[in-house]
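See below for the structure under consideration.
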Amino acid sequence: MDRIRIVGGQRLNGTIPISGAKNATLPLMIASLLTADTLVLENVPRLADVIQLQRILGNHGVDIMIAGKRPGDEPASGRTLHISAKTIVDTTAPYELVSTMRASFWVIAPLLARMGEAKVSMPGGCAIGTRPVDLLIMALEKLGAEIEIEGGYVIARAPHGLRGGEIKFPKVTVSGTHVALMAAVLARGTTVIDNAAREPEIGDVADCLNKMGANVSGIGTSRLVVEGVTKLNGARHAVLPDRIETGTYAMAVAMTGGDVLLQNTRPELLQSALDVLARTGTTVTPTNEGIRVARNGSALKPVDVTTAPFPGFPTDLQAQLMALMSLADGTSHITETIFENRFMHVQELARLGAHIHLDGETATIEGVKRLKGAPVMATDLRASVSLVIAALAAEGETMVNRVYHLDRGFERLEEKLSRCGATIERISS
Ligand code: UD1
Numbered sequence: 176m177d178r179i180r181i182v183g184g185q186r187l188n189g190t191i192p193i194s195g196a197k198n199a200t201l202p203l204m205i206a207s208l209l210t211a212d213t214l215v216l217e218n219v220p221r222l223a224d225v226i227q228l229q230r231i232l233g234n235h236g237v238d239i240m241i242a243g244k245r246p247g248d249e250p251a252s253g254r255t256l257h258i259s260a261k262t263i264v265d266t267t268a269p270y271e272l273v274s275t276m277r278a279s280f281w282v283i284a285p286l287l288a289r290m291g292e293a294k295v296s297m298p299g300g301c302a303i304g305t306r307p308v309d310l311l312i313m314a315l316e317k318l319g320a321e322i323e324i325e326g327g328y329v330i331a332r333a334p335h336g337l338r339g340g341e342i343k344f345p346k347v348t349v350s351g352t353h354v355a356l357m358a359a360v361l362a363r364g365t366t367v368i369d370n371a372a373r374e375p376e377i378g379d380v381a382d383c384l385n386k387m388g389a390n391v392s393g394i395g396t397s398r399l400v401v402e403g404v405t406k407l408n409g410a411r412h413a414v415l416p417d418r419i420e421t422g423t424y425a426m427a428v429a430m431t432g433g434d435v436l437l438q439n440t441r442p443e444l445l446q447s448a449l450d451v452l453a454r455t456g457t458t459v460t461p462t463n464e465g466i467r468v469a470r471n472g473s474a475l476k477p478v479d480v481t482t483a484p485f486p487g488f489p490t491d492l493q494a495q496l497m498a499l500m501s502l503a504d505g506t507s508h509i510t511e512t513i514f515e516n517r518f519m520h521v522q523e524l525a526r527l528g529a530h531i532h533l534d535g536e537t538a539t540i541e542g543v544k545r546l547k548g549a550p551v552m553a554t555d556l557r558a559s560v561s562l563v564i565a566a567l568a569a570e571g572e573t574m575v576n577r578v579y580h581l582d583r584g585f586e587r588l589e590e591k592l593s594r595c596g597a598t599i600e601r602i603s604s
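For the sequence shown, the numbering used here begins at 176 and goes up steadily by one.
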């Protein structure tokens with residue numbers, strides 16, 4: 176299994192190109208199941224999760240062609256996928272494929288909407304809490320689906336097609352909103368999704384669905400209204416920038432010091448996280464090309480932060496902020512409200528010398544003067560990258576073991592960081 180070796184202590188200086196968002200790419204690829212025409216997705220990141228989803232879609236009969244680079248393309252620019260679900264050959268998504276990635280469960284919505292049936296294994300993915308699918312099932316039932324759960328599979332049927340309905344989520348759920356939206360676009364009549372998640376990736380998918388001929392309004396608000404249509408067409412859509420990758424590198428620069436332009440990204444995608452960084456004393460400057468982040472020698476100020484659905488501080492940046500606050504000049508508090516078990520990075524950060532105390536959903540982080548390199552183990556996607564950024568600021572060598580989690584969500588991480596002066600290398604075994 177690959178490992179990453181980091182020798183900390185270098186400042187980061189230069190430019191980091193930000194990739195297309197993983198959390199938009201996955202549902203966009205899944206949305207291709209809604210049409211027999213070709214969906215062309217640009218700015219697709221090279222990630223293990225994308226490859227895994229290609230396999231899952233392939234099992235349903237989807238053809239994916241990856242376009243070659245064109246002259247003038249930046250080496251860093253993402254790939255273009257031509258995805259064609261002309262014929263769906265199988266409406267079952269088996270355990271072996273779905274168990275490795277939670278988002279693959281979402282195929283249930285387009286399969287049901289287009290084919291009238293779907294049988295999908297209960298999902299797996301990062302071990303960060305129970306992550307049930309009750310609200311996804313509730314949403315499908317509101318649109319007229321009959322659901323059975325049998326042998327670890329969710330079996331959904333709508334032999335006469337789905338019909339519009341009122342879906343009110345009792346809590347904000349990204350997965351629930353994606354599933355509701357993808358089912359509603361082909362349902363007969365009007366669907367209203369209340370308390371919808373407002374994450375930018377939902378808006379990106381809704382924009383793409385509209386390009387495909389859907390009629391979704393209220394994009395960016397917590398009330399989405401969908402007028403169902405009978406058929407969707409192909410479209411061309413560029414995936415929006417990855418706000419979690421953006422925030423992660425921003426925190427890395429805040430941690431090590433230096434001056435980095437995060438290219439091809441937009442501040443409004445992660446304003447709450449940028450505001451927190453500014454409170455720590457880090458300079459954050461939006462530019463025409465992206466976001467410039469700099470810190471030169473000044474002490475990091477501690478902050479108190481609670482994770483929340485968008486536009487709040489994202490849970491996917493919680494571990495990275497905790498790494499950063501472990502070097503603050505004082506005590507910080509971070510409260511996790513989205514996932515109950517998302518603190519697996521705490522004991523690994525402690526190996527590097529961080530002082531963190533957990534009490535229920537709140538972590539108290541007493542800043543230390545310095546972190547020191549050590550062998551650590553990556554336990555989930557965002558936790559893994561928090562160890563990488565802590566290691567960049569730690570004295571000496573850190574070996575991050577089990578890095579396959581990183582490959583699920585961060586494109587060319589070692590290359591992007593080493594170009595900015597970090598000493599980081601992958602050791603393949
Ligand atoms: C998505 C993101 C993930 C991010 C999370 C929260 C993708 C591929 N993943 O995950 O990176 O951390 O949003 O921003 O986009 N819940 C239920 N019942 C359900 C569904 C969810 O109780 O049926 C709960 C979950 O356990 C969790 C909360 O709702 O406590 C939020 O989950 P959700 O927003 O659905 O997260 P994901 O879509 O899984």
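Where a beta carbon is used, it is the ideal one built from N, C-alpha and C, also for glycine.
What does DSSP give as the partner residues of V401 in its beta bridges?
T366 and V391
Span of the alpha helix (DSSP H) around Q493:
Q493 to M500
Which value, in whole angstroms, describes the spacing of the CA atoms of A579 and K261?
In the sequence on display, residue 579 carries Tyr and not Ala. Rounded to whole angstroms, Y579 to K261 spans 33 Å at the Cα level.
Enumerate in chain order the residues of its own chain whose CB-to-CB distance from I179 is below 6 Å, with the five nearest sequence positions on each side excluded.
V575, V578 and R601
Please classify E374 as buried or exposed, where buried requires at least 16 other C-beta atoms within 10 Å of its C-beta.
buried
Could you tell me whether the Cβ of Y579 comes closer than 8 Å to any Cβ of chain D?
The structure shown contains no chain D; it holds only a single protein chain.
Nearest-angstrom Cα distance between R315 and I258?
Per the sequence shown, the amino acid found at residue 315 is Leu instead of Arg. C-alpha separation (whole angstroms): 25 Å.
Rounded C-alpha distance that separates S593 from L286:
42 Å
What residue ranges within the stretch 404 to 460 form continuous beta strand (DSSP E) runs of no fewer than 3 residues, ordered along the chain?
If we require 3 residues or more, the beta strand (DSSP E) runs fully inside the stretch 404 to 460 come out as 410 to 413 and 433 to 438.
What's the C-alpha gap between K346 and A278?
18 Å
Endpoints, the beta strand (DSSP E) within which T539 is located:
T537 to E541
Which of helix, strand or coil DSSP assigns to G378
G378: helix per DSSP, three-state reduction.
With the cut-off set at 8 Å, would you say G388 and V404 are in Cβ contact?
yes
Would you identify the three-state DSSP class for E600, choosing helix, strand or coil?
strand
Once the 5 residues before and after A568 are set aside, which same chain residues still bring their CB inside 7 Å of it?
G183, M430, T431, L502 and L546
Say yes only if the C-beta of F488 is nearer than 7 Å to one or more non-hydrogen atoms of ligand 1, and no if none qualify.
no
Taking 8 Å as the threshold (C-beta atoms), are L475 and L499 in contact?
Cβ atoms of L499 and L475: closer than 8 Å.
Indicate, with yes or no, if ligand 3 has a heavy atom lying under 7 Å from the CB of F585.
Among the ligands in the structure shown, ligand 3 does not appear; only ligand 1 can be found there.
Return the residue from the list G336, M290, V215 and Y328 that minimises the CA-CA distance to M318.
Note on residue identity: the sequence assigns Leu, not Met, to residue 318. Nearest option by C-alpha distance: G336.
Under the criterion of a Cβ to heavy atom distance below 7 Å, does L445 qualify as lining ligand 1?
no
Whether V414 touches P202 by CB criterion (8 Å)
no
Does DSSP put G505 in a helix, in a strand, or in coil?
G505 carries a coil assignment under DSSP once its states are collapsed to helix, strand and coil.
Closer than 6 Å by C-beta to G236: which residues in its own chain qualify, once you throw out the five before and the five after it? Chain order, please.
T262, I263 and V264.
Flag E374 as yes when its Cβ comes closer than 7 Å to any non-hydrogen atom of ligand 1, and as no otherwise.
A heavy atom of ligand 1 is found nearer than 7 Å to the CB of E374.
Would you tell me roughly how many angstroms separate the C-alpha atoms of G339 and M357, rounded to the nearest one?
12 Å
Between T482 and T512, which are expected to be in contact by the criterion C-beta below 8 Å, what is the C-beta distance as a whole number of angstroms?
Contact between T482 and T512 holds, since their C-beta atoms are separated by about 5 Å, short of 8 Å.
What number of angstroms, rounded off, separates the C-alpha of I322 from the C-alpha of A211?
Just so you know, the alpha carbons of I322 and A211 end up roughly 25 Å apart.
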